[in-house]
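Protein chains in written order, with full-length UniProt numbering: chain X, 1 to 502; chain H, 1 to 340. Heads up, the beta-carbon is just placed ideally off N, CA and C, and yes, glycines get one too. So the structure is just underneath, and the comments pick up after that.
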Amino acid sequence: MDLVDNLALGFSTALQWQNVLFCLLGVALGTAVGVLPGIGPTAAIAMLLPITFGFDDPTSALIMLAGIYYGAQYGGSTTAILLNLPGESSAAVTAIDGHRMALAGHAGTALAVAAIGSFVAGTVATVVLAVAAPPLSRAALSFGAAEYFSLVVLGLIASIALASGSTLKALGMIVLGILLGTVGQDLYTGAPRFTFGLRELYGGLNFVSLAVGLFGVAEILRNLHDPRTRQRIVRRVTNLWPSRADLRRIVGPVLRATGIGSALGVLPGGGHVLASYASYAVEKRISRHPERFGRGAIEGVAGPESANNAAAQTSFIPLLTLGLPAHPVMALMVGAFIIQGITPGPDVMNDQPALVWGLIASMWIGNVLLVLLNLPLIGLWVRMLTVPYSILFPTIVVFACIGTYSLGQNPYHVLAVAFFGVLGFVLVRSGCEPAPLLLGFVLGPLLEENLRRALLISRGDPSVFLTRPISAVLLVLALVALVVTALPAIRRKREVVFAEDE
Amino acid sequence: MRREQRTTPQRSVALVFLAASLAALTACVPGTDGGDSDQASGFPEDDIEVIVPFAAGGPTDTVTRMIGEPMGESLGVQIVVQNVEGAGGTVAAGQAATAAPDGYTMLMHHIGMSTAPALYDDLPYDPLTDFETVGLVTEVPMTIIARKDFEPNTLEELVAYVEANQDTVTLAHAGVGSASNLCGLLLQDAIGVTLQEVPYDGTGPALADLVGGQVDFMCDQTTNTTGQITGGEVKAYAVTTPERVESLPDLPTTTEAGLPDLQVSVWHGLYVPAGTPEDVIAVLTEALQTALADQGVIDQMADLGTAPVDADQATPEAHRALLEEQIGVWGDIIGASQGG
Numbered sequence: 001m002d003l004v005d006n007l008a009l010g011f012s013t014a015l016q017w018q019n020v021l022f023c024l025l026g027v028a029l030g031t032a033v034g035v036l037p038g039i040g041p042t043a044a045i046a047m048l049l050p051i052t053f054g055f056d057d058p059t060s061a062l063i064m065l066a067g068i069y070y071g072a073q074y075g076g077s078t079t080a081i082l083l084n085l086p087g088e089s090s091a092a093v094t095a096i097d098g099h100r101m102a103l104a105g106h107a108g109t110a111l112a113v114a115a116i117g118s119f120v121a122g123t124v125a126t127v128v129l130a131v132a133a134p135p136l137s138r139a140a141l142s143f144g145a146a147e148y149f150s151l152v153v154l155g156l157i158a159s160i161a162l163a164s165g166s167t168l169k170a171l172g173m174i175v176l177g178i179l180l181g182t183v184g185q186d187l188y189t190g191a192p193r194f195t196f197g198l199r200e201l202y203g204g205l206n207f208v209s210l211a212v213g214l215f216g217v218a219e220i221l222r223n224l225h226d227p228r229t230r231q232r233i234v235r236r237v238t239n240l241w242p243s244r245a246d247l248r249r250i251v252g253p254v255l256r257a258t259g260i261g262s263a264l265g266v267l268p269g270g271g272h273v274l275a276s277y278a279s280y281a282v283e284k285r286i287s288r289h290p291e292r293f294g295r296g297a298i299e300g301v302a303g304p305e306s307a308n309n310a311a312a313q314t315s316f317i318p319l320l321t322l323g324l325p326a327h328p329v330m331a332l333m334v335g336a337f338i339i340q341g342i343t344p345g346p347d348v349m350n351d352q353p354a355l356v357w358g359l360i361a362s363m364w365i366g367n368v369l370l371v372l373l374n375l376p377l378i379g380l381w382v383r384m385l386t387v388p389y390s391i392l393f394p395t396i397v398v399f400a401c402i403g404t405y406s407l408g409q410n411p412y413h414v415l416a417v418a419f420f421g422v423l424g425f426v427l428v429r430s431g432c433e434p435a436p437l438l439l440g441f442v443l444g445p446l447l448e449e450n451l452r453r454a455l456l457i458s459r460g461d462p463s464v465f466l467t468r469p470i471s472a473v474l475l476v477l478a479l480v481a482l483v484v485t486a487l488p489a490i491r492r493k494r495e496v497v498f499a500e501d502e
Numbered sequence: 001m002r003r004e005q006r007t008t009p010q011r012s013v014a015l016v017f018l019a020a021s022l023a024a025l026t027a028c029v030p031g032t033d034g035g036d037s038d039q040a041s042g043f044p045e046d047d048i049e050v051i052v053p054f055a056a057g058g059p060t061d062t063v064t065r066m067i068g069e070p071m072g073e074s075l076g077v078q079i080v081v082q083n084v085e086g087a088g089g090t091v092a093a094g095q096a097a098t099a100a101p102d103g104y105t106m107l108m109h110h111i112g113m114s115t116a117p118a119l120y121d122d123l124p125y126d127p128l129t130d131f132e133t134v135g136l137v138t139e140v141p142m143t144i145i146a147r148k149d150f151e152p153n154t155l156e157e158l159v160a161y162v163e164a165n166q167d168t169v170t171l172a173h174a175g176v177g178s179a180s181n182l183c184g185l186l187l188q189d190a191i192g193v194t195l196q197e198v199p200y201d202g203t204g205p206a207l208a209d210l211v212g213g214q215v216d217f218m219c220d221q222t223t224n225t226t227g228q229i230t231g232g233e234v235k236a237y238a239v240t241t242p243e244r245v246e247s248l249p250d251l252p253t254t255t256e257a258g259l260p261d262l263q264v265s266v267w268h269g270l271y272v273p274a275g276t277p278e279d280v281i282a283v284l285t286e287a288l289q290t291a292l293a294d295q296g297v298i299d300q301m302a303d304l305g306t307a308p309v310d311a312d313q314a315t316p317e318a319h320r321a322l323l324e325e326q327i328g329v330w331g332d333i334i335g336a337s338q339g340g
C-alpha cells in the first residue's frame, strides 16, 4: 500500500541520525524562542534561514525549520501560562485560563496539560497529513474571499466567548482591535492609514508589540501598582502533574480541538490563526460550567493548545502538496526550498518523496522530542514564578525589547510595546480584557481584506456571500452564535431543563 | 539554606534565557574575522553591510546572499546582510541614503527603486541624487499565467479575450507596487484596456486563489511561478523578457507571442550613498563582477529561473542609465493608472 511505503520512506529519512539531530535542534531552538518574550517563530526562522543555506541536504534544513515553527508553538504557551506573556496570537488564548491556573498554584498542571494536548494533536495531525493531504488541499482551494470573510465573521462573533466579563466591553475590545489592525498601508490602494506621517508605521503595528505590551507589560504594571497582588502569587506550587480527574476532563477538549485545528490549519488564507480561538469558544459554549472559563478552566488550556498545534502542522499541507504558502512562516519555508534548489510546486511531492515524507515523519518525531524535552523542564519553568520581581520584571522588559526590535530593526515596534503596556494597564483597570482586542487585531485585517476582495471579484455585488454555499452556511452559523450570545437567558433555561432530566 | 534554594533556580532560569537568546542572536551576527584586504586603496578594512529592503528568504534576500558570499571572498571581508522591511522598500532605502558614504553600507534594491517616486509622494530621498550606482546584478523574468480552465490558450487569444471581456475579467497581483502589480499595469497598457485588479498580500495568496480558480490571470516572477507552471496547476502564456527562460523552454517570449511592447523584468542593483569615493565604488563594482562570474552563483541563479547580468551591465554607468530610464517609464504608467 502506498501510504505504508510512503511512511516507511518518511521514517527511514527522518530517523537518519543527522535528521534526528536537526529535528532536535529545531524543536529546542523553537522552544527557546517561544519562551523568550517578543521573538516569535517568524522572526526566529527568518534569522536562522540563512544558516540553512550552507546545508548540503535540503531535508535536514526543512526538518530543522519546521521544528522551529512547531517547537515555538509549544514554547509560546510556557510564558503565556507562567507570566501572562503570549508570544504569538494563539498563545494569547492559552494565557486567559493558563495564567489563572498558574496564579492558583497549578502552573505545573497547566504546562503538562498543554504539552500532552499538543502531543496528541500533533500525532493526529501527522496522520492527517500523511493520509489526506492532497484531497484536503484541493478542498481548501475552494475557499475564496467570500468564504474567508464569512469564516472570520463567525470567528469574531464566537470570540465574544473569550471574555468572562461584560459582553459589551468584549465587543468594544474587538472593535478597538480591528481598528488597530487597520494601521499601515492599505493593501488595495497603497494609501497610508493612521500612520501619522511615520513611514515606520507603513507596515502596520506588530502583533508581538501589541501582545507583549497588552499582556506582559500591563501585567507587570498591575503587579507594581498593587503590591498585594504581587504577594498573592502562590509560592507553594502544588501538584506538578495533572490528576486522573484532570486527564479525564481534557480528553474531550483535546480531541475536539484536534479536529478543529486540523481543519482550519489547511486553509491557506489564514485559517490557522482562528484555530485556538475557535477551540476556546467551542469548549466554553458546550461546557456545563462556562463560568469557570476565564478563572482557570483546564479545558481552556488543553483545547486551544491542541488546536494550535494541530493547525500548525496541517498548515504545511498547502505548501507540500501545491507549493502554496499558507502564512508568513510557510513563505519563509518556500524561500528555504528555493535556496536548496527545489522549486516549490505541485510536483514536489512526486519528485522529492523522501523530502516530503521525511518532513512529515519528522513532525511526529519532533512531537515526541518536544514532550521529552518539555515535561522535565516543567519543574524548572514553574520555579520561574519564585524568581523575585526585582529580577523577573526587568528581564522580561529587556527581552521583550530585544525581541520586538529584532523583528525588522524598527524602533517603533519597541515604542509600541511601551504604549500598549500603558494602554493594557488602563484597560485592565477598567475591566476590559485584552484577549478579544488581540483577536480583533489579528482577524480585522483578514475581515477587511476578504470583504473587499470578494466584492472586487463580484464587481460590487454583495449577494456572493449568500449565493456561495460554504459562505452562506458559515454566515448562518454566525447568526446562530450571535443569537445564542445575545440571549443568555435561553442558555440558562436550557441548563435547568437538562438538570431536571437527570 | 533557604537563600541557596532560592538562588539556584534563579540562576538556572537566567542561564536558560541567556543560552536561548545567544542561540537566537548568533544567527544574525555572523563571524567578524574578515582577513586583511589586498586592495591598493586600503578599502575595505572592515565588514560591509548590505541592507535588503525585504524579508529574509524572499527573492531579493536570496539574490543578495548568493552574491554576498563570493563578493566577501574577493574583498577579504564579510558581507553582512541586514533585512530592513517596510513601505515597499522605502524604509530601507531611506536608511541607506543617510548612511555614511564610505562604502561600508550598501543597498540591494530591485525595480521598486524606480517606481517609488511615482508611488510615494513624500519620499524622504531621491533615487538619482542620494545614491551612487554600483552595478546591476540580475534581471528576473516575469511570466503571464492564468487559472487552468481560463478560456484563452495563447497570448494572442488572451489579448482578444481580455479586449472582449473587459468588464468581467479579473487580474490578480501581489500588492500595490509589487513587481506583479507593475507587470499587470504594463500588460493593460500594452493591450489598451483597464481591468478589475484584485490585489493580494504577496504572491503566495495570489497564486493560491489563481490555482483555486477564484481569479482569472496574473503576472509574476519565474521564481514564484515556475513550479506551478511545470506542475500544470496554472496555464502559462509568455515570459516577458527578450530571451526564453532555461527552466521553461516551451514558453514563448512576449515578442514571439505577438505582444512586443510588454517587456519587463525584476532588475536588481547595488547602491551606495551619494558621496561615496569613486575608487571605493570601483572596488565594489569589481567584486560584484567577480561574484557574477562565479559558477556557483550562475548555477544557483539558474535554479531560481534567472541569470547574472552580462559583465557590461554590472557597471555603475549601465545601472544608472537603466535606473533613469525606468523612473521615466514607471512615472508615466503609474501616473496614468492613478490619474484615471
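Buried or exposed (CB count within 10 angstroms, at least 16 for buried), residue 19/H
The predicted model places residue 19/H with a pLDDT of 46, which falls under 50 and marks its position as unreliable; any figure quoted below should be read in that light. Note on residue 19/H: under 16 other CB atoms within 10 angstroms of its CB, so exposed under the neighbour-count rule.
What separation, rounded to the nearest whole angstrom, lies between the Cα atoms of residue 317/X and residue 311/H?
42 Å
Work out the CA separation of residue 115/H and residue 45/H for me, nearest whole Å.
35 Å
Alpha carbon to alpha carbon, how far is residue 206/X from residue 154/H?
44 Å
Assigned secondary structure, residue 59/X (DSSP; H/G/I helix, E/B strand, else coil)
In the three-state DSSP reduction, residue 59/X falls in the helix class (H, G or I).
Where does residue 220/H fall in DSSP's three states?
In the structure shown, residue 220/H adopts extended strand secondary structure according to DSSP, grouped into three states.
Taking 6 Å as the limit between beta carbons, can you name the residues of its chain near residue 39/H, skipping five residues before and five after?
Because residue 39/H sits at a pLDDT of 44, beneath the cut-off of 50, its placement in the model cannot be relied upon, and the point is left open.
DSSP three-state label for residue 235/H, please.
In this structure, residue 235/H counts as strand in the three-state DSSP scheme.
C-beta atoms of residue 68/H and residue 84/H nearer than 8 Å
no
Nearest-angstrom Cα distance between residue 3/X and residue 313/X?
18 Å
How would you label residue 121/H, buried or exposed, when you count the other beta carbons within 10 angstroms and need 16 or more for buried?
exposed
Mind the definition here: the region 235–252 of chain H touches the region 173–191 of chain X only if three or more C-beta pairs lie below 8 Å; say whether that holds.
no
Ordered along the chain, which non-local residues of its own chain (more than five positions away) have a Cβ less than 6 Å from that of residue 15/X?
none
Just to confirm before moving on: does the CB-CB distance between residue 60/H and residue 308/H stay below 8 Å?
no
Using only alpha-carbon positions, find the residue among 225/H, 315/H, 265/H that is nearest to residue 343/X.
225/H
From residue 160/X to residue 299/X, what distance separates their C-alpha atoms?
17 Å
Residue 325/X touches chain H at which residues, Cβ-Cβ below 7 Å?
204
Tell me the start and end of each unbroken alpha helix (DSSP H) in the region 12–69 of chain X that is at least 4 residues and wholly inside, in chain order.
Here the runs fully enclosed are 17–35, 41–52.
Under 7 Å from the C-beta of residue 190/X: neighbouring residues of chain H
119, 176, 177
Can you have a look at residue 184/H and say buried or exposed, based on whether 16 or more other CB atoms are within 10 angstroms of its CB?
buried
So, is the C-beta of residue 193/X closer than 8 Å to a C-beta in chain H?
Contact with chain H is absent for residue 193/X, since none of that chain's Cβ atoms lies less than 8 Å from the residue's Cβ.
On the three-pair Cβ rule with 8 Å, is the region 268–279 of chain H touching the region 99–106 of chain H?
yes
Thinking just about the alpha-carbon of each residue, which of 127/X, 157/X, 441/X is nearest to the one in residue 486/X?
157/X
Output, in chain order, the set of chain X residues within a Cβ distance shorter than 9 Å of residue 315/H.
Ordered by position in chain X, no residue passes the 9 Å Cβ test against residue 315/H, which lies about 28 Å from the chain.
Which residues in chain H have a C-beta closer than 9 Å to the C-beta of residue 187/X? List them in chain order.
The answer, in chain order, is 175, 176, 199, 200, 201.
Give me the residue from 400/X, 382/X, 422/X with the minimum Cα distance to residue 530/X.
One cannot answer for residue 530/X here, as it falls past the ends of chain X, which runs 1 to 502.
Spatially closest choice to residue 234/H from 322/X, 295/X, 332/X, by CA coordinates:
322/X
Cβ shell of residue 182/X (< 6 Å), same chain only, five flanking positions each side left out
The answer, listed in chain order, is 193.
Using a threshold of 8 Å, state whether the C-beta atoms of residue 214/X and residue 423/X are closer than that.
Remark: C-beta atoms of residue 214/X and residue 423/X approach each other more closely than 8 Å.
Helix, strand or coil at residue 481/X according to DSSP, with G and I counted as helix
helix
With burial defined as no fewer than 16 other Cβ atoms inside 10 Å of the residue's Cβ, what is the status of residue 330/H: buried or exposed?
buried
Can you tell me whether residue 43/H is buried or exposed, with buried defined as 16 or more other CB within 10 angstroms of its CB?
buried
Can you grab the Cα-Cα spacing for the pair residue 112/X / residue 300/H, in whole Å?
46 Å
If you follow the beta strand (DSSP E) that residue 273/H is in, where does it begin and where does it stop?
265–273
Note the first and the last residue of the continuous alpha helix (DSSP H) segment covering residue 188/H.
179–191
If I follow the unbroken alpha helix (DSSP H) through residue 94/H, where does it start and stop?
Start and end: 90–97.
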